[in-house]
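Reading through the structure tokens given below for one structure.
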Amino acid sequence: MEKLTDRRIKSMKPETEAYRIYEGKGFCIRVLPSGLRRFEYVYTIGGKKKVMSLGHYPSSDNDTTGIKLADARDAYTNAWQMVRKGIDPQVVPTEVKSPATSVSTTVADLVEKWMKWSAAHHSPKWANTLKLTLEKDFLPRYGNRLAIDIKRMDAANILKEKAKTAPGQARNLHKALRGTWEYGVDEELVEFNPFAELKTTKRIPSMKQIARKRVLTDNEIIAIWQLIDTGGGSESTRRALKLMLITGQRGNEICGIHSREIQAGIGKDWCKICRRCGWLTIPEERRQGNKGGEHLVFLPQIAMQLIDGGGIVCNGYIFPGDTPDKPITESAVAYHVRREVTRTGKEAYYGLPRWTPHDMRRTAGTGVRRLGATRDTMNIILGHRVGGVTGVYDLYEGAGEKELFTAKWAEHLEQLLKQNL
524 MEKLTDRRIK SMKPETEAYR IYEGKGFCIR VLPSGLRRFE YVYTIGGKKK
574 VMSLGHYPSS DNDTTGIKLA DARDAYTNAW QMVRKGIDPQ VVPTEVKSPA
624 TSVSTTVADL VEKWMKWSAA HHSPKWANTL KLTLEKDFLP RYGNRLAIDI
674 KRMDAANILK EKAKTAPGQA RNLHKALRGT WEYGVDEELV EFNPFAELKT
724 TKRIPSMKQI ARKRVLTDNE IIAIWQLIDT GGGSESTRRA LKLMLITGQR
774 GNEICGIHSR EIQAGIGKDW CKICRRCGWL TIPEERRQGN KGGEHLVFLP
824 QIAMQLIDGG GIVCNGYIFP GDTPDKPITE SAVAYHVRRE VTRTGKEAYY
874 GLPRWTPHDM RRTAGTGVRR LGATRDTMNI ILGHRVGGVT GVYDLYEGAG
924 EKELFTAKWA EHLEQLLKQN L
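Read left to right, the sequence shown gives residues 524 to 944 (this note's numbering).
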């Protein structure tokens, strides 16, 4: 097995499921979906397999709570030597346990500490989602209990109860609680994580996430485009929805567009005069998970018309919200899609089978594939991040392919709309 190095650890990227990279003799690093990289010692004692957390690798130079590789290896060596002597390194004599951590830490204390960590390491949107989830669905009932008293059966019951009414929210709650107790183990506030090995898809089948496959048909595209204009909602909502369909970008990335991110007429010499097309540069801090670097999006004429057609731009935001200093939110757009508007006669989902703004992204991706784009080109257009070694070395942005197939998709949309005039 290859020896762990700082360079190798920093190159490890999170995936949808946690995974371990072993150095040998049980010493490994576990990469979690949250991006946290945790040193672990996997050993067997008394016929039972156990995992000992040694601390997490610093997420940045400013992360003072992390542990260096050399220190983690020293901690592993000490634990390994204890196991050789038949001593479980995680079974500490009662008299030397810290009452401040293993006895008196309440659930509320643990959650408060973890939320501070989350605010510093997660995107603002995701950190806020986790915070609200814990405050609404967990703390009111369990906040006063001791953190060490939450067992695996409690974990299962907590999630089962939430999954009865809201499976999607139960998944977020599981992520929040798993992260909270992972932090607690790393900081030695609790001894184990009851949410880590919980097989939710087996014990709570309703929590299993089913991948959506909804793609709007050409007839549905025509209907939605026309009904958007007559179905009420703000000017920002109507234009943002259409731009999501044209560009295939994520809802939050479209809603938050700022004028400084738009560059019109950049390209060939005549483009600088025409200025009918352009480029959108989505900065890294506005991308999903605040990762992957900035993303370049081609804006064909129909897209530029939507961007320029709003009239009022508040504080530079192309799609201003209800307050003058903030843009419209993705959740506000999604709410308008699914609600009924009696005043305008708008039906839920514009009278079509259930769909979401994110389905427009899938529709655009499928559309460019129908028009001849390769899967790699589609991923470049949508801004999908490529993991593993390929993502480290293949940094090609594919501006030419983006322009070609986004323009083809826009032309296809315009032809559809003209046919129905």
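Even glycine gets a Cβ: it sits at the ideal position worked out from N, Cα and C.
1. Just reading off the alpha helix (DSSP H) that H697 is part of, what are its end residues?
2. Would you say the region 663 to 673 touches the region 628 to 636, given that touching needs at least three Cβ pairs under 8 Å?
3. When you compare the CB positions of M901 and R892, do they come within less than 8 Å of one another, or not?
4. So, for E863: in the same chain, excluding its five sequence neighbours on each side, which residues have a beta-carbon less than 7 Å away from its beta-carbon?
5. Buried or exposed: T760, going by 16 or more other Cβ atoms within 10 Å of its Cβ?
6. Could you pull the start and end residues of the alpha helix (DSSP H) that T656 belongs to?
7. Is DSSP giving Q786 helix, strand or coil here?
8. Is the Cβ-Cβ distance between R737 and W878 less than 8 Å?
9. Taking its Cβ as the centre, do 16 or more other Cβ atoms sit within 10 Å of E853, making it buried, or is it exposed?
10. Quick check: the Cα distance between P728 and L682, rounded to an integer number of angstroms?
11. Ignore the nearest five residues each way along the sequence and tell me which others in E920's own chain have a CB closer than 8 Å to its CB.
12. Would you kindly check if the distance between the Cβ of L721 and the Cβ of A686 is under 8 Å?
13. Considering only their Cβ atoms, is the gap separating K931 from I821 smaller than 8 Å?
14. Look at the alpha carbon of I825 and the alpha carbon of I851, and state the distance between them as a whole number of angstroms.
15. With a cut-off of 8 Å, do at least 3 Cβ pairs link the region 745 to 755 to the region 841 to 850?
16. Would you kindly report the start and end of the unbroken alpha helix (DSSP H) that includes L829?
17. To which residues does DSSP link H781 through a beta bridge?
18. If you reduce the DSSP assignment to three classes, tell me which class H579 lands in.
19. Any idea what DSSP makes of E934, helix, strand or coil?
20. Can you check which of these residues, F715, T889, R560 and L829, is closest to K765 by C-alpha distance?
21. Give the range of the beta strand (DSSP E) segment to which E563 is assigned.
22. Would you mind sorting E563 into buried or exposed? The rule is 16 or more other CB atoms within 10 Å of its CB.
23. Hey, would you say F661 sits closer than 8 Å to L712, going by beta carbons?
24. Can you give me the start and stop residues for the beta strand (DSSP E) that G547 sits inside?
25. For F718, which residues of its own chain have a beta-carbon under 6 Å away from its beta-carbon, when the five flanking residues on both sides are left out?
26. Indicate the three-state DSSP secondary structure (helix, strand or coil) for V574 in the structure shown.
27. Starting from R553 and walking both ways along the beta strand (DSSP E), at which residues does that stretch end?
28. Let me make sure I understand the geometry here. Which of K849, L939, G816 and G923 has the alpha-carbon closest to that of G906?
29. Quickly, what does DSSP pair H818 with across the bridge? List them, please.
Short version:
1. P690 to D709
2. yes
3. yes
4. K869, E870 and A871
5. buried
6. P647 to D660
7. Strand at Q786.
8. yes
9. buried
10. 11 Å
11. Once the five neighbours on either side are set aside, the close Cβ partners of E920 are L819 and I903.
12. no
13. Residue identity differs from the one stated: residue 821 is Phe in this sequence, not Ile. Not a contact, by the Cβ cut-off of 8 Å.
14. 21 Å
15. no
16. Where L829 is concerned, the enclosing alpha helix (DSSP H) stretches over Q824 to D831.
17. Y840
18. strand
19. helix
20. L829
21. Per DSSP, E563 belongs to the beta strand (DSSP E) from R560 to I568.
22. buried
23. no
24. Following the DSSP letters along the chain, one finds G547 inside the beta strand (DSSP E) bounded by residues Y542 to G547.
25. A678, L700, R701 and W704
26. strand
27. Its beta strand (DSSP E) spans residues F550 to V554.
28. G816
29. I805
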